[in-house]
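Working notes, structure below.
Residue numbers (the numbering used here), protein chains in the order written: chain A, -18 to 294; chain B, -18 to 294; chain C, -18 to 294; chain D, -18 to 294.
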């Protein structure tokens, strides 16, 4: 149950069997930092190349293929005041015929600037300052856009995209207080994380949230001999499953199927019960419709499961 | 501002230029009833053929192509106690390889039965009674699954599917208190509605909600000379737009594009402001991934628009 | 076995239970004409409104729901010299990010003009005359872009789109010498046809072929009590099935499934044989990736079926 | 212009910056071998693990990011007599509701056996021998299912899937006589190839062709400073471009866009000419609808380009 403080010396723009950054044990907590999606750190200096550089990998002792890695986000905090975002809804999110009507900014002027006030819990649009919006002030809701483990078949996969190993999922639910489950494909699991957002809209339809460097604390655990097919998670209110694919239909199918597996395996539901419960109580959250693989989350309120179980035989 | 009570004498399994059931004027309120998706009425008698039979059409005086029809749902109440649903998550919502593992019920045993208690505000699973779930009690949240106007090009479109005229969208947000905007394609608009649900899960992944007959009161209005491309709506908290298509990506594109149009046309936002606002504040709700066209809803919190406008010049 | 000459007096922009234009019997042949997609006839006069106006409907005596209508195209000939097409590959066929780089022509200058020389069997680009292409001369390959029967559930469906009743499929294989099978959903079947092309590229990626009015001769027959799910056809070399849907994946799924049904029902193949045959001998042809529903055709060489059957027990 | 004979000592189940197997120079020819998709060699011994093991990588001297690698398949020959295939059309190619009606074979009985007679130029179904097909004899048409170069961002990507670096595309056109163009992302390009098929149906709807080990000869060249976005190729009749993605729509979009780029960059076509030519002369070939990314090929007959250019100014 050690507590590690880890200052990254290098970053990766892909997730795979990179050389271990830190070896930790189940139950350990790590305090570390992440740079933003373009490689800028807490001092707003570019310390590595752009493209969702990730911190890690963390080698979890005892993790073996077929296990599940459990990551709890104990703390996620923006580590600087300046955030940035893109400025235009991306073509993947609009009608094909409408793409030419989008307000394509100049290549040199693609970024909006935001001021993050962690104490006030706000992010405020700073530039452009001359839109018809006037002020735009949003709450902070820090999240990790990209997290995952080394993929199957010794693959090394870009942090721009995502699959069953996790990756660039851009889901708002990967926030402080969330516990995330990832399938382990290689010894040590090799957990990576990065691409923090101080806030993000659903669907990440611009292609960014409000991008920021983060101070992160997370705790890892293992479920030995317990495999899963797609990332899962839970928070106070929900259990959830994450599907990453295109089109959104397929992402939805992965998430729904994984939830059917989960509630039948771990919550003692027979097929009849699992289908009636999920069929009537599922909620969905569009995480991103921008990355090479889109992400859809299937959520089930814990209150429904508890009630079902309580009232059960 | 008349109030009409209309008892349907016939129903349609399609939306189009059927002979007018009742002529009403802008500002009028109609109290009427709908049968359930298999044609069963408040007495649980089958009074018309199965397949989402709809009440109407209502001819709105003065409605002309290019206008927008405004429908406010003043009251939506289940009109009987027995509801029904399917029992299995449908293949469109699961991985292709998983379809053969679904618990396909016998054709003669496809329906679950539910007890609706409108006073208690609950719907309870009655049959099957032997699942591992034990009891499953959900709140009532009555909604209209299918509503729309006569389509473009004098089409007559099945109430199983949906498009820009509305139709079988199965969106939980078409509930009491909601105001819905529909494009007018023919004189009189010809509004139809039916397929009530006492409750429905997001995505309607079983292919049904808890199907029920309804008592309905709605009020119509017109926005003359104001056209829209896709159904829109609003409630206390949100404005929303509805895209109907396959794959979900395309449904999402229609909804997002329609929202971009709306906030630029009606809320005095320039493109820069509209994109930053929607890009960071959009929410999405999966309405159905079952019908021939899937439905995705793009929502924008009214609080964000108001704040933006208030703080603006 | 009558031969009818039918001069259309009116046209429809949708397919459904329109009033019968001509009643014919199984075995009868009809010589008639079609206008082009914008309603221009053999004299290049606009005689009806734009939007794929179709000739018909032809009521086939004895056709009942559950039968299959058989239509043989005995003759398809361009009936004038001027054809037209669009000039730009459409956004549905290119990467979303590329849409803004397309050479969007002015709304008033969207059409290219072509000269059809039926005797020489050529179509030649006339205007624009100043492209870097210089001349572009293609062979004539006349086809009917839009053909179908009244849909299920008394629907009336726009001739812009297509579904299991046929419609705007824009498949090059609907040409002289082809025999087409369509499911019958209403008494009389109500066959419509129009939207002739002197030539069309695969995928119809511009949204048009070389649009032309046609002289058509076709012969109808019925397969009583024999239902099909999707349009089918055959020519000298192939049997084929037609799937209409979005995305292309779904269109492909319909076509493939329909072919699996066909070869098991009509060619005495067991599942093992049907799967091995189709799995190794299927060919696919992209008909259109432009219409509201895309069209994919699954083809099976007759030589493979004959050989399989000949060598069989 | 050396000629190398290379006997692979190891294989990879992914494409990336693996240690170089052989360094060659532009103009060089390599004679080598590939094992089949399950790792069986010319003696039908399993020499490496299953899952499309590939031969290579071949380091091409002078290849740098931004170049194009040119690979000509001089010879592709089956190197043994026994081939195998799956036996069932896969769920991705059929309607979701139809999946449960597929003839799922036992896990232990998933493979059909084929006899390849290279001299006679035939492949014949050996087992199962009791289908209603009787004999099924197909011509040999050897092709390489999986070929590619190390991907962007130092990724290592499974040979089960494909992207812009190539990979498991399963296109029948990667056959003897074809020249293939691949974008170079890393120094040396690192060309890999494997997964030979003696024959394959279009769409690879079973998930396999007739899988076989191959004797291969290929010659490499470079186009220095000339980048491409997606794999391209040519043969006697066509130039072609290859899009790899899901859904098929997106694969089609990549292929079409890449062809528009190609004909404008290399064939001196202005946008007006390029669009008219491709819009009317494109052909499409469905390569696979089975792999994690589907593959669609856009083809343009060389005769059309030559004629256009000859007739041009």
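From the three backbone atoms N, C-alpha and C, an ideal C-beta is built for every residue, glycine too.
For the beta strand (DSSP E) containing residue 279(D), name the first residue and the last one.
275 to 282
Residue 66(C) in three-state terms, based on DSSP
strand
How about residue 65(D): is its C-beta nearer than 8 Å to some C-beta of chain B?
no
Can you tell me whether residue 88(B) is buried or exposed, with buried defined as 16 or more other CB within 10 angstroms of its CB?
exposed
Could you spell out where the alpha helix (DSSP H) holding residue 254(B) opens and where it closes?
252 to 262
Kindly provide the ranges of any alpha helix (DSSP H) runs that are 4 or more residues long and lie completely inside the segment 24 to 94 of chain D, ordered along the chain.
none
Smallest Cα separation from residue 215(B): which of 80(B), 85(B), 159(B) and 51(B)?
159(B)
Using a Cβ-Cβ distance under 8 Å, would residue 2(C) count as near chain B?
no
May I ask you to list the residues that DSSP assigns as paired with residue 219(B)?
282(B)
Hey, quick one: how far does the beta strand (DSSP E) through residue 3(B) stretch, first residue to last?
3 to 5
Establish whether the CB of residue 135(C) and some CB of chain B are separated by less than 8 Å.
yes
For residue 9(C), the nearest candidate out of 50(C), -9(C), 84(C) and 20(C) (CA to CA)
50(C)
Nearest-angstrom Cα distance between residue 21(C) and residue 34(B)?
39 Å
Does residue 97(C) have its Cβ less than 8 Å from a Cβ in chain A?
no
Test: residue 230(A) CB closer than 8 Å to a CB of chain B:
yes
Using a Cβ-Cβ cut-off of 7 Å (strictly less than) and excluding sequence neighbours within five positions of residue 259(A), which residues of its own chain qualify?
240, 241, 244 and 281
Would you mind sorting residue 124(A) into buried or exposed? The rule is 16 or more other CB atoms within 10 Å of its CB.
buried
How big is the Cα-Cα spacing for residue 227(C) and residue 72(D)?
17 Å
Do residue 171(C) and residue 40(C) have their beta-carbon atoms positioned less than 8 Å apart in this structure?
yes
From residue 156(C) to residue 198(C), what distance separates their C-alpha atoms?
11 Å
Would you call the CB atoms of residue 102(A) and residue 177(A) closer than 8 Å?
no
I want to see whether chain B comes within less than 8 Å of residue 180(D), judged by CB atoms only; does it?
no
Three-state secondary structure (DSSP) at residue 188(B)?
coil
Are three or more beta carbon pairs between the segment -5 to 11 of chain C and the segment 264 to 281 of chain B nearer than 8 Å?
no
List the residues of chain A whose Cβ lies closer than 9 Å to the Cβ of residue 28(C), in chain order.
The contacting residues do not exist; residue 28(C) stays about 29 Å from chain A at best.
Residue-chain proximity (residue -3(D), chain A), Cβ-Cβ < 8 Å
yes
Just checking: is the beta-carbon of residue 141(A) within a distance shorter than 8 Å of some beta-carbon in chain C?
no
Within 8 Å of any Cβ in chain A, is that where the Cβ of residue 124(B) sits?
no
Give the residues from the segment 207 to 227 of chain D that approach chain A closer than 8 Å (Cβ to any Cβ), ordered along the chain.
226 and 227
Please classify residue 149(A) as buried or exposed, where buried requires at least 16 other C-beta atoms within 10 Å of its C-beta.
buried
Let's test the definition: count the other Cβ atoms within 10 Å of the Cβ of residue 284(D) and tell me whether it reaches 16, buried, or not, exposed.
exposed
Inter-residue Cα distance where the pair is residue 254(B) and residue 57(A)
29 Å
In terms of residues, what are the limits of the beta strand (DSSP E) holding residue 193(D)?
First-last for residue 193(D): undefined, no H or E at that position.
Within chain B, the residues that residue 80(D) reaches when beta carbons sit closer than 7 Å
72, 77, 80 and 81
At what residues does the alpha helix (DSSP H) containing residue 246(A) begin and finish?
229 to 247
Per DSSP, cross-strand counterpart(s) of residue 164(B)
49(B)
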